[in-house]
Amino acid sequence: MKKCPFCAEEIQETAVKCKHCGEFLIDAELKKLKSTSGVEWYYKTPMVILWVLLLGPFALSFILKNPQYSNAQKTTWTIVTFVYTALITLILIGVIIFYFWIIGRIATHGL
Ligand SMILES: [Zn+2]
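In terms of this note's numbering, the sequence shown opens at residue 18 and continues consecutively.
Okay, structure coming up:
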């Protein structure tokens with residue numbers, strides 16, 4: 018015996034339709050399966066990390082539309098993405114400034 022998820026009455030383990038409220042239990046089982054393992058591959062956490070690393074702020078669409086994340090998790094991911102993007106941008110600017118500094122030194126002093 019198990020409990021019907023709709024009316025909480027006792028029903029047969031193999032029941033497809035609840036005899037008390039008439040709800041189909043197959044749908045409930047399917048929904049349960051979908052909510053736990055039915056997340057698309059590109060929404061899984063390792064993939065989301067990869068998207069952030071590769072796409073930076075463009076990965077936000079994968080985060081904000083992700084059905085497996087709560088609002089708090091989405092906020093955390095968004096902050097992480099922006100911090101990562103800011104760091105990459107700063108490093109890039111640093112590299113460019115360093116490059117021109119080297120070029121300038123070579124131009125004035127030679128190698
Ligand atoms: Zn029922």
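We put the beta carbon where it would ideally sit given N, CA and C, even for glycine.
Owing to the predicted nature of the structure, the values given are computational and were not obtained by experimental measurement.
Check	Outcome
Between which residues of its own chain and residue 105 is the CB-CB distance below 7 Å, once the five residues before and five after are set aside?	73
Would a check of beta-carbon distances place residue 81 closer than 8 Å to chain B?	Protein chains in the displayed structure number just one, and chain B is not present.
Enumerate in chain order the residues of its own chain whose CB-to-CB distance from residue 77 is below 7 Å, with the five nearest sequence positions on each side excluded.	95 and 98
What separation, rounded to the nearest whole angstrom, lies between the Cα atoms of residue 125 and residue 118?	11 Å
Starting from the N-terminal end, write out each residue whose C-beta falls within a distance shorter than 6 Å of any non-hydrogen atom of ligand 1.	21, 23, 24, 26, 35, 37, 38 and 40
Determine whether the beta carbon atoms of residue 107 and residue 91 lie at a separation below 8 Å.	no
Taking residue 79 as the reference, which of 39, 87 and 60 has the closest Cα?	60
Provide the residue span of the alpha helix (DSSP H) that contains residue 126, from first to last.	88–126
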